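Undergrad:
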Amino acid sequence: MIFKFSSSKTLVAMAVASSVMLAGCTATATTSNDSAIQTNTKVASVVNTPADMGVSKITLEQAMAHPDWIGRQPQSAFWSADSSTVIYARKQQGSELRDIFTQAVNAQTAEQVALNQLHSVGSSKAVFSNDKSLQAYVFEGNIFIKNVQSGVIKQITQSSATESKPQFLNDGNLAYRQGNIFFKVDLTTGLTREIANLKLADKPQGIKEPTTYIAKEQYKLIDYIALQHKNKQDKYARNEQVKAQNSSIANTHYYLGDGNTVDEAQLSPNGDALIVVVQEKSSWRGEGDIMPNYITDDATIEPKKVRRRVADAKEQTSEIVYINLADQSQTTLGFNTLPGFDEDVLAEVKKENYAREGKTYKSKKQPRGINVISDWGWDQSPISWNDDGSQVAIMLEAWDNKDRWLATVDFENNKLVSQHRLHDDAWIAYAFNDFGWLNDSTTLYYLSEESGYSQLYKKPLNGKATALTQGQFEVSDLTLTDDNSAIYYKANIEHPGLYEIYRVNPQTGVSEQVTDLNGMTDYTLSPDQSKLLLRHSKITMPTELYVAEAKANTTATRLTNTISDAFLAKKLTAPKIVAVPSSHTDQPIYAKVYYPADYQEGETGKTRKAVIFNHGAGYLQNSHMGWSGYFREFMFHSLLADEGYVVMDMDYRASKGYGRDWRTAIYRQMGTPETQDLADGVKWMADNANVNTQAVGTYGGSYGGFMTFMALFTAPDLFQSGAALRPVTDWAHYNTGYTANILNHPDVDPIAYERSSPIYYAEGLKKHLLINAPMVDDNVFFQDSVRLVQRLIELEKENFETAIFPVEPHGFVQPSSWLDEYRRIYKLFKETL
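Residues -29 to -1, 1 to 804, numbered by mature numbering (1 follows the signal peptide of the UniProt record, and there is no 0), are exactly what the sequence shown covers, in order.
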């Protein structure tokens, strides 16, 4: 099946509300005849955010101080093997070290784990035997097995090598991986056996015979040479006979070609087959690119290698190899059975770029680069075997980012079978690619944006797909129960910025709401599947841990309380979530608004000054009901509001959480829709918050810095000033994985890069600009700022300043750097607004 989207399609008109309120209301999601949860009416309702907090005025110095003062929140939490305890890390006060704690689900206090007992607590990536009696995990590169009932631990490996990926097999034994070698451990006898050794080399051809004239003559004329050759042949033949006739010797080499690398490999649950993804070896580093580090411990300049730029990227394609360990055969599975494998999906883009050069492009079919899908932060393999090992599913993506396939394997004919094709004329999202098999079945479940929003589907191998969820919301983070009774998921059904946990019965399609915590909630199902470990935060409160029964409409109990009294005492403004009407789409632009402390509803006179903050990453959601990664900015915005500013933080088009059309609005035109949205934000503040449109500034970092440039350069009268932090200035210099999705590749679509890169619009600068550039940034290179500064100098622009930060990477670390940066931003707005 093929699901196709064009980048101009508008799927949904969402209700516009001027302000949104969210307070302990029960979910009212409805189910249709097919029992899929539908978007409910809360999107159009007025909803409350939490009240302002504290009485002690926040200072810039405190806001930018090391976040230890806020409280050292629990991190990396996971369940114990017996589901009775939660394990989590906490940062040490004044140190970057973390300590590990355990806390029983019915306890009020936690116990620190001694260093010599760290091996005993398990891991968030632990796996269980089929009967759930044993748990296997990795600690410091070694494999351990724990008896769930007794708690007895057995160490399986103790080596300086790194073992990984423990896996219980259907025969009850354990497999694991050491580099590209797979081992199987008989848990009864303790015998460890090598079952596959993936060799990145060409297959040896035995003892080669002479091929050239002079070599052949050498063998004829010199008896010594002939004798040595015979001895080598005899020895090789004897070794082969010994290996063939002695089962005690490992004979498990599989040759994958010289100059290649193993991208992914998954062993079947029976331990009798492997699916291996092979790629030609290449470096992620750019040719000849370095990043000078000027502040070093020996006072020299350290040249650091950096990543390749998208302009230097070359098309890659993978090879999918099926290895049958029973008969020791290996077969490459071609991509020619995938629908669209040779389509010229960029034909229209190429025609436009050719026409600009006065050329004519003729479309042609040829095999596309295809690889297993990679997902930033994805916690699963793109290869998944079903329980009995009779089938395997592989998720693949096209190098040009326009297609995603979920394929299985026809083992009789050694070919891939497409079960689902998702095509997008813009690009396939790097999120929403979860998939798997219903237990003890040949039915797949997976996420897809085919409706315009990430939804959950199931599909038997020889049947049609069925939607298990439907609506104008995003489904993510799937967990299937052992008995197939439920798939748990996270979704923003009630409001785009409110995330709760739900579950759907994959047999009936009936969905139920599980949590009702009103904020941002993530979850982990306990091993015995009776409880949920919840990570929950609110718009003014950092993340804490909660536990709840795994049932509909559950009640959560708070487990940790790590937020400091010092933070709770600070006077901080809780932003309201507003839905700004858009001039360009039917959907509103959701935004946080921080109202001034002395603001009176209905005041007039256009006397207020304002600032709009632009979040980074592009594809990120910040106008949600939970604690933001931009916690320093939250405090800075509270400080500004306390001094009379209105502050807005917009989820402009391209932001996450609002569906496929919102995500892809920037295809081939980064910076244009977002600037239009900023203009709508300024208008909304003038109409609804008494803001003087001639007293508005903007700022942001990374993608937000890029947006600051685009706004000041392409809409020069919109803002009086702007601060661009660690900013992108030319997308051809950014990385491939992110940029090529949105702008294709520079050699194919230079129009998109020129249309989207601030350096091409620098002549538009009229107002005040501050550029804050870290010098050891291996994400957005310092060179980006250097090139733009030179361009501004050559254009004889006057109203810009540059601040450099010699020891900072992309994400600032030192409190002194944070403070210096935000003092400059604060000063800019004070002087220009």
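We put the CB at the ideal spot given by N, CA and C, even for glycine. Note that this is a predicted model, so its numbers are computed, not measured.
#1: Please report the Cβ distance between THR511 and LEU488, rounded to the nearest whole angstrom; I am assuming they are in contact, meaning their Cβ atoms lie under 8 Å.
#2: Quick one: give me the first and last residue of the beta strand (DSSP E) that SER599 is part of.
#3: Excluding the 5 residues flanking ILE458 on each side, which residues of the same chain have their C-beta closer than 6 Å to its C-beta?
#4: Quick one: give me the first and last residue of the beta strand (DSSP E) that LEU799 is part of.
#5: Excluding the 5 residues flanking ALA60 on each side, which residues of the same chain have their C-beta closer than 6 Å to its C-beta?
#6: Under the rule that 16 or more other beta-carbon atoms within 10 Å means buried, what is GLU211, buried or exposed?
#7: Output needed for TYR724: all residues of its chain with C-beta closer than 6 Å, excluding positions within five of it in sequence on either side, in chain order.
#8: From which residue to which residue does the alpha helix (DSSP H) around HIS200 run?
#9: Quick one: what's got a C-beta closer than 7 Å to GLY177's C-beta in the same chain, skipping five residues either side?
#10: Using a Cβ-Cβ cutoff of less than 8 Å, which residues in the same chain neighbour ASP234 once the five nearest sequence positions on both sides are dropped?
#11: Closest to TYR424 by C-alpha separation, out of VAL281, LYS435, ASP395 and LEU415, would be which residue?
#12: Could you tell me how far apart the beta carbons of ARG375 and ILE399 are, in whole angstroms, since I believe they sit closer than 8 Å?
#13: When the Cα of ASP453 is compared with those of ASN661, ILE560, ILE58 and PHE99, which residue comes out closest?
#14: Ignore the nearest five residues each way along the sequence and tell me which others in TYR797's own chain have a CB closer than 7 Å to its CB.
#15: List the residues that DSSP assigns as beta-bridge partners of ARG529.
#16: Quick test of the definition: if touching needs 3 or more C-beta pairs under 8 Å, does the region 682 to 698 touch the region 640 to 651?
#17: Is it a yes or a no for the region 520 to 530 touching the region 578 to 592, going by three-plus beta-carbon pairs under 8 Å?
#18: So what does DSSP say about GLN106, is it helix, strand or coil?
#19: Could you give the DSSP three-state label for THR232: helix, strand or coil?
#20: Quick one: residues in its chain with C-beta nearer than 8 Å to the C-beta of ASP791, no 5 flanking neighbours on either side, listed in chain order?
#21: Should the region 575 to 584 be regarded as contacting the region 609 to 622, the criterion being three or more beta carbon pairs within less than 8 Å?
#22: Within the same chain, show all residues whose beta-carbon is closer than 8 Å to that of ILE730, passing over the 5 residues directly before and after it, in chain order.
#23: Quick one: complete alpha helix (DSSP H) runs, 4+ long, within the region 15 to 56?
#24: Quick one: is ILE266 buried, meaning 16 or more other Cβ sit within 10 Å of its Cβ, or exposed?
#25: For GLU290, which residues does DSSP report across the bridge?
#26: For the putative contact between LEU418 and LEU377, defined by C-beta atoms under 8 Å, what is the C-beta separation to the nearest angstrom?
#27: Between which two residues does the alpha helix (DSSP H) carrying PRO644 extend?
#28: Looking at the unbroken beta strand (DSSP E) that takes in PRO137, where does it start and where does it end?
#29: Are there 16 or more other CB atoms within 10 angstroms of the CB of ASP205, so buried, or fewer, so exposed?
#30: What residue range is occupied by the uninterrupted beta strand (DSSP E) comprising GLY65?
#31: Exposed or buried, what is residue 817 when buried is set at 16 or more other beta-carbons lying within 10 Å of its beta-carbon?
#32: Checking the sheet assignment: what are the DSSP bridge partners for TYR565?
#33: Report the option in TRP370, ASN222 and HIS595 whose CA atom is closest to the CA atom of GLU286.
#34: From the DSSP output, in three-state form, read off ALA457 for me.
#35: Whole angstroms are fine: how far does the CA of SER352 sit from the CA of ASN384?
#36: Pick helix, strand or coil for TRP633, following the three-state DSSP scheme.
TA: In terms of the structure at hand:
#1: Your numbering for residue 511 matches position 540 in the sequence shown. Your numbering for residue 488 matches position 517 in the sequence shown. The distance from the Cβ of THR511 to that of LEU488 is about 14 Å, inconsistent with a contact at the 8 Å cut-off.
#2: If you number the sequence shown from 1, residue 599 lands on position 628. Where SER599 is concerned, there is no enclosing beta strand (DSSP E), because DSSP gives it neither an H nor an E.
#3: Translated into positions along the sequence shown, residue 458 becomes position 487. Short of 6 Å from the beta carbon of ILE458, and not among the five residues preceding or following it, lie these beta carbons of its own chain, in chain order: LEU449, LEU451, VAL475 and PRO477.
#4: Numbered from 1 along the sequence shown, position 828 holds the residue referred to as residue 799. The continuous stretches of beta strand (DSSP E) do not include LEU799, which lies in the alpha helix (DSSP H) extending over residues 786 to 803.
#5: Reading the sequence shown from its first residue, position 89 is the one you call residue 60. Around ALA60: GLN46, SER47, ARG69 and ILE71.
#6: Residue mapping note: residue 211 aligns to position 240 of the sequence shown, counting from 1. Answer is exposed; the Cβ neighbour count stays below 16.
#7: Here residue 724 refers to the residue found at position 753 when the sequence shown is read from its first residue. Only residues of its own chain outside the window of five on either side were considered, and among them TRP702, ALA703, LEU714 and PRO717 have a CB closer than 6 Å to the CB of TYR724, listed in chain order.
#8: Residue numbering aside, residue 200 sits at position 229 when the sequence shown is read from its first letter. From DSSP, the alpha helix (DSSP H) with HIS200 extends over 194 to 216.
#9: The residue labelled residue 177 in the question sits at position 206 within the sequence shown. Cβ neighbours of GLY177 beyond the five flanking positions: TYR207.
#10: The residue you call residue 234 lines up with position 263 of the sequence shown. For ASP234, where only same-chain residues beyond five positions count, the Cβ hits under 8 Å are VAL248, VAL249, GLN250, SER289, ASN342 and VAL343.
#11: By one-based count along the sequence shown, residue 424 stands at place 453. Looking only at VAL281, LYS435, ASP395 and LEU415, the smallest Cα-Cα distance to TYR424 is reached by ASP395.
#12: Within the sequence shown, the letter at position 404 stands for residue 375. Within the sequence shown, the letter at position 428 stands for residue 399. That pair is a contact at about 5 Å.
#13: As a first step, residue 453 must be located in the sequence shown, where it is residue number 482. Looking only at ASN661, ILE560, ILE58 and PHE99, the smallest Cα-Cα distance to ASP453 is reached by PHE99.
#14: In the sequence shown, residue 797 corresponds to position 826, counting from 1. Around TYR797: LEU31.
#15: Numbered from 1 along the sequence shown, position 558 holds the residue referred to as residue 529. The bridge partners DSSP lists for ARG529 are TYR517.
#16: Put simply, the region 682 to 698 touches the region 640 to 651. At least three CB pairs are less than 8 Å apart.
#17: Not touching, per the Cβ criterion.
#18: Translated into positions along the sequence shown, residue 106 becomes position 135. Looking at GLN106 - three-state DSSP - the assignment turns out to be strand.
#19: For the purposes of this step, residue 232 is taken as residue 261 along the sequence shown, with counting starting at 1. Assignment of THR232 by DSSP, reduced to helix, strand and coil, places it in the strand class.
#20: For the purposes of this step, residue 791 is identified with residue 820 of the sequence shown, where counting begins at 1. Taken in chain order, the residues that qualify are ALA774 and PHE776.
#21: Contact between the region 575 to 584 and the region 609 to 622 is present, because at least three Cβ pairs lie under 8 Å.
#22: For this step, residue 730 is matched to residue 759 along the sequence shown. Exclusion of the five residues before and after ILE730 leaves THR700, ASP701, ARG758, LEU759 and ARG762 as the residues of its chain whose Cβ lies within less than 8 Å of its Cβ.
#23: As for any alpha helix (DSSP H) of minimum length 4 sitting wholly inside the region 15 to 56, the runs are 31 to 34, ordered along the chain.
#24: Within the sequence shown, the letter at position 295 stands for residue 266. Under the 10 Å beta carbon count, ILE266 is surrounded by fewer than 16 other beta carbons and is classified as exposed.
#25: One-based indexing of the sequence shown puts residue 290 at position 319. Paired residue(s): VAL249.
#26: Against the sequence shown, residue 418 aligns to sequence position 447. Against the sequence shown, residue 377 aligns to sequence position 406. About 10 Å; that fails the 8 Å criterion.
#27: Here the question's residue 644 lines up with position 673 in the sequence shown. Per DSSP, PRO644 belongs to the alpha helix (DSSP H) from 643 to 659.
#28: Along the sequence shown, read from residue 1 onward, the residue named residue 137 stands at position 166. Counted as a single uninterrupted DSSP element, the beta strand (DSSP E) harbouring PRO137 occupies residues 134 to 139.
#29: Taking the first residue of the sequence shown as 1, we reach residue 205 at position 234. Exposed is the call here.
#30: Here the question's residue 65 lines up with position 94 in the sequence shown. Neither: GLY65 is in no beta strand (DSSP E) and is coded neither H nor E.
#31: Because the chain spans -29 through 804 in this model, residue 817 falls outside it and cannot be assessed.
#32: Against the sequence shown, residue 565 aligns to sequence position 594. DSSP lists VAL618 as partners of TYR565.
#33: Taking the sequence shown and counting its residues from 1, one reaches residue 286 at position 315. Put simply, of TRP370, ASN222 and HIS595 the residue whose alpha carbon is nearest the alpha carbon of GLU286 is TRP370.
#34: Here residue 457 refers to the residue found at position 486 when the sequence shown is read from its first residue. In the three-state reduction of the DSSP assignment, ALA457 falls in the coil class.
#35: Position 413 of the sequence shown, counted from the start, is the residue given in the question as residue 384. Position 381 of the sequence shown, counted from the start, is the residue given in the question as residue 352. Taking the Cα positions, ASN384 is about 24 Å away from SER352.
#36: Walking along the sequence shown from the start, residue 633 turns up at place 662. In this structure, TRP633 counts as helix in the three-state DSSP scheme.
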